[in-house]
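Colleague:
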Amino acid sequence: MTSNPNFQEFLREKRAWYKTIGSVHCPILNENVIFNSKGFYHLRYDSFGKARNIKEQSYKLGLLPLVIPVVKNATKIHEYKKQQYSKPLGKYFEIWELREIVGQQKTIVSVVLRRIGNGNITFLSVWKRKDKQTKKTI
1 MTSNPNFQEF LREKRAWYKT IGSVHCPILN ENVIFNSKGF YHLRYDSFGK
51 ARNIKEQSYK LGLLPLVIPV VKNATKIHEY KKQQYSKPLG KYFEIWELRE
101 IVGQQKTIVS VVLRRIGNGN ITFLSVWKRK DKQTKKTI
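The sequence shown: position 99 = 99 (the UniProt record's numbering), numbered continuously.
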């Protein structure tokens, strides 16, 4: 599935860069966000462990450089999901979505953070928000 040599090199570069992050302080949560292997894994595989297609993996991995500015500069929590129990995890977890305009193209990027049990807040996912061009005026 991932025999594309260009994608494999892209993946190696992104993984090497990701491993250098460690943690980033998030002022809005007043805590450090940990960038562990689970976050990188989730960019490549969905919640059921099924590999995302190469296009989707490339999309998510390509957004990684925008994650840190979102975590550092978010001025509000866009969405918070209070502690819920997860049978697969066997623990309670909570989710935060931070959203901020970042990058040279002033892109709206959403970053999802998760805490399992009483553990650290960790990076989970990233995506770019769609433009609001659907309203028509008459």
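Where is the CB? At the ideal position from N, CA and C, for every residue including glycine.
Being a predicted model, the structure only gives us computed values, none of them experimental.
At the level of alpha carbons, what is the spacing between Trp17 and Gly119?
Modeller: Looking at the two C-alpha atoms, the distance is approximately 24 Å.
Colleague: If you draw a straight line from the alpha carbon of Leu66 to that of Lys82, how long is it in whole angstroms?
Modeller: Their backbone Cα atoms lie some 26 Å apart in a straight line.
Colleague: Whole-angstrom Cβ separation of Gly39 and Leu98, contact assumed at under 8 Å?
Modeller: Incorrect: roughly 14 Å between the Cβ atoms, too far for contact.
Colleague: In terms of residues, what are the limits of the beta strand (DSSP E) holding Gln83?
Modeller: Gln83 -> beta strand (DSSP E) spans Ile77 to Ser86.
Colleague: Does the separation of the CB atoms of Thr122 and Val33 fall below 8 Å?
Modeller: Cβ atoms of Thr122 and Val33: closer than 8 Å.
Colleague: Give the DSSP-derived three-state secondary structure of Arg52 in the structure shown.
Modeller: Arg52 falls in the coil class under three-state DSSP.
Colleague: Can you grab the Cα-Cα spacing for the pair Glu9 / Arg15, in whole Å?
Modeller: Those two C-alpha atoms are separated by around 10 Å.
Colleague: Near Ile108, which residues of its chain fall below 6 Å by C-beta distance, leaving aside the five closest residues on each side in sequence?
Modeller: Answer for Ile108: Ile101 and Arg129, listed in chain order.
Colleague: Return the bridge partner residues of Ser125 from the DSSP annotation.
Modeller: In the DSSP output, where bridge partners are listed per residue, Ser125 has Val112.
Colleague: Here's the rule: buried if 16 or more other CB atoms are within 10 angstroms of the residue's CB, otherwise exposed. What is Phe48?
Modeller: It counts as exposed.
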